[in-house]
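Letter 254 of the sequence shown, counting from 1, is numbered 257 in our numbering, and no numbers are missing.
Since the structure comes first, as structure tokens, the remarks are kept for the end.
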Amino acid sequence: MHFKDLKIIYPILKALEREKYTSPTPIQEQAIIPILEGRDLLGCAQTGTGKTAAFAVPIIQLLSEKPLNADGRQIKSLILTPTRELAIQIFDSFRTYGQFTGLRYGVIFGGVSQKPQEQVLKNGIDVLVATPGRLIDLIKQKLVDLSFVEIFVLDEADHMLDLGFINDVKIIISKLLGKKQTLLFSATMPVEITQMADSVLVDPVKISVTPNTPVVSVIKQNVYLVDKKNKPNLLLHVLNTLPVTSALVFTRTKHGADRVVKELYEANFKAIAIHGNKSQNARQAALESFRNKESQILVATDIAARGIDIDELSHVINYEIPNIPETYIHRIGRTGRAGLGGVAISFCDIDEKPFLASIEKLLGKHIHVVINNPYPMQVFTLTEKTAKSNQRPTRSAVNAPKRTKETYEAKAQKRQANRKRQSINKNNQTVRVKTPSFRKV
């Protein structure tokens, strides 16, 4: 199939051809025509499937068919996304695919000065890409008007849930007035997302691109069984012996990412970290350094990596295996974008073996274990912390929510009692008042 077969208008086809895009991916084949027909849509798709173009192309076409008011443009389409990096990527995609249409695009996100974003809104735009926090700030300041929005996209809905943005999303949806076309995309469909979809979508077209598509099948997957203490040495071994031209290394924590970069730097590898503690400018600089091949290795956390768009990534290395199976799919999909091949390598210590088992269950197959491993696993007993956590009741246990609620209430009562005692001591002019201690960060 060719994009021409999807009834795409010439200005967009011209832009796609300039980017050397000729054939749509499966999700684009399924999504573009229903969106052009004005249908609501529920899409279950992971990173790397061509999802952004699946909604950007038809939105650009729908808005291009309407008369443009150069003097007083109102936001006609809102794309809500969880992270700054993803917002920038989507914004760039709209500009690329719509470069010959005359539409105007804007992007707003936190972590940077608000003033330039205010000016973009003041000048008038047709499409706004935004993260929830900054958008709500601007709504409260009456600097953005969403009452003219006709097409609303909620992207990475499950990640919105993970980051605690769902309430913000509901507030933003409440600001969208009148009838609108709504498109919701999510890599997974937990109960909360299903409930939200039921509340905002009207007779939606449902499409799904599952992990068993070529996005995963074209990726060569290997796992090394290794003790935690030997992971730094194993990483150096992999980088020195395999044909790694560019690698995205995943860690679970920000401190872990910084630690890996330090170890690589000491071994004379050009590596750079990207995570939530970095400023927006620092994160952009890190991405540019990696894209320009000034740095061979990018070390990232899962949250910071959402929205990273990198072509020709040879390797993804799971320095630490994720505890959520779908996250593994997101990670390795970075090296198999749109059907391209790549290599995914995972380091698994004894405490991570249950995570590996969950991932293999999701994939429906075993991941190849590398036998020629200079640092084979020697520890076969779970750490005390992991053993205890495995004995705890699951979140689905009947009494779990009650215990959690009681704990929070007890803490709240304790804080209130402490404040009351301090107030009494102050009124009685008591000299000795215990001040809170602060830990250095």
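Built from N, CA and C at the ideal position, the CB exists for glycine as well.
No experiment lies behind these values; they were computed from the predicted model shown.
Roughly how many whole angstroms lie between the Cα atoms of residue i and residue j?
i: Tyr378; j: Leu267; result: 18 angstroms
i: Ile169; j: Asp43; result: 20 angstroms
i: Phe358; j: Ile327; result: 7 angstroms
i: Leu365; j: Glu329; result: 8 angstroms
i: Thr84; j: His162; result: 9 angstroms
i: Gln122; j: Ile93; result: 20 angstroms
i: Thr55; j: Ser96; result: 7 angstroms
i: Ala285; j: Ile176; result: 32 angstroms
i: Val205; j: Lys23; result: 35 angstroms
i: Phe272; j: Leu237; result: 14 angstroms
i: Gln318; j: Val252; result: As written in the sequence, residue 318 is His, which differs from the Gln given in the question. Cα-Cα distance, rounded: 8 angstroms.
i: Asp230; j: Ile222; result: 25 angstroms
i: Lys178; j: Thr25; result: 38 angstroms
i: Asp165; j: Pro135; result: 13 angstroms
i: Thr397; j: Pro235; result: Note that Thr397 has pLDDT 38, beneath the 50 cutoff, so the model's placement of it is unreliable and no number is given.
i: Asn295; j: Gln120; result: 27 angstroms
i: Phe146; j: Asp140; result: Inspection of the sequence shows that residue 146 is occupied by Leu rather than by Phe. Spanning the two alpha carbons is a distance of roughly 9 angstroms.
i: Pro207; j: Arg98; result: 27 angstroms
i: Pro14; j: Val212; result: 28 angstroms
i: Phe293; j: Gly167; result: 30 angstroms
i: Lys118; j: Lys232; result: 47 angstroms
i: Ala200; j: Ile82; result: 16 angstroms
i: Ile174; j: Ile91; result: 23 angstroms
i: Gln432; j: Lys143; result: Here the model assigns Gln432 a pLDDT of 47, short of 50, so the residue's position is not dependable and the matter cannot be decided.
Smallest Cα separation from residue i: which of the options?
i: Ser116; options: Ala250, Lys183, Gln283; result: Gln283
i: Ile128; options: Arg76, Phe103, Leu164; result: Arg76
i: Phe103; options: Pro27, Arg21, Phe112; result: Arg21
i: Gly279; options: Gly259, Ile306, Val60, Leu19; result: Ile306
i: His371; options: Ala160, Leu228, Asp201; result: Leu228
i: His258; options: Ala303, Leu385, Gln224, Asp230; result: Ala303
i: Ile348; options: Gly367, Ile324, Val194; result: Ile324
i: Ile63; options: Thr86, Arg87, Ile35; result: Ile35
i: Met4; options: Leu180, Pro27, Thr256; result: Pro27
i: Lys125; options: Arg107, Ile300, Tyr331, Leu180; result: Arg107
i: Thr248; options: Lys232, Gly113, Glu363, Ile313; result: Ile313
i: Thr185; options: Thr386, Leu385, Gly367, Phe58; result: Phe58
i: Glu40; options: Glu269, Pro29, Glu153, Pro61; result: Pro61
i: Gln224; options: Asp354, Asn376, Lys118, Gly344; result: Gly344
i: Val219; options: Thr256, Lys368, Val156; result: Lys368
i: Val373; options: Val382, Phe350, Leu385; result: Phe350
i: Ile320; options: Glu269, His240, Ile196; result: His240
i: Arg87; options: Gln381, Leu138, Gly105; result: Leu138
i: Thr386; options: Asp352, Leu301, Ile300; result: Asp352
i: Glu153; options: Lys69, Lys118, Gln198; result: Lys69
i: Thr254; options: Met199, Tyr331, Val194, Lys209; result: Tyr331
i: Ile362; options: Lys143, Glu291, Val226; result: Val226
For residue i, is the classification buried or exposed, using 16 other Cβ atoms within 10 angstroms of its Cβ as the cut-off for buried?
i: Val471; result: For the chain, the structure presents residues 4 to 444; residue 471 sits outside this window and is missing.
i: Gly109; result: buried
i: Ala133; result: buried
i: Leu71; result: exposed
i: Thr216; result: Unreliable positioning characterises Thr216 in this predicted model, as indicated by a pLDDT of 46, which lies under 50. A coordinate reading is not provided.
i: Ala360; result: exposed
i: Pro246; result: exposed
i: Val172; result: buried
i: Thr410; result: Confidence is the limiting factor: at Thr410 the pLDDT is only 43, short of 50, which leaves the residue's position unreliable, though a coordinate-based value still follows. Thr410 is exposed by the Cβ-count criterion.
i: Ser298; result: buried
i: Asn375; result: exposed
i: Asn243; result: exposed
i: Phe383; result: exposed
i: Glu355; result: buried
i: Gly101; result: buried
i: Lys281; result: buried
i: Tyr322; result: buried
i: Val203; result: buried
If you check the beta carbons only, do residue i and residue j fall under 8 angstroms apart?
i: Leu66; j: Ser80; result: yes
i: Ala276; j: Ala260; result: yes
i: Leu16; j: Lys10; result: no
i: Ile30; j: Gly53; result: yes
i: Ile78; j: Asp148; result: yes
i: Leu131; j: Ser150; result: no
i: Tyr270; j: Ile300; result: Reading off the sequence shown, one finds Ala at residue 270, where the question assumed Tyr. Going by C-beta atoms, Ala270 is not nearer than 8 angstroms to Ile300.
i: Phe457; j: Lys183; result: This structure cannot speak to residue 457, because the chain is shown only from 4 to 444.
i: Ile111; j: Ala160; result: no
i: Ile210; j: Gln381; result: no
Does the structure place the stretch 190-201 close enough to the stretch 38-54 that three or more beta carbon pairs sit under 8 angstroms? yes
Would you call the stretch 261-275 and the stretch 325-335 touching, i.e. three or more CB-CB distances under 8 angstroms? no
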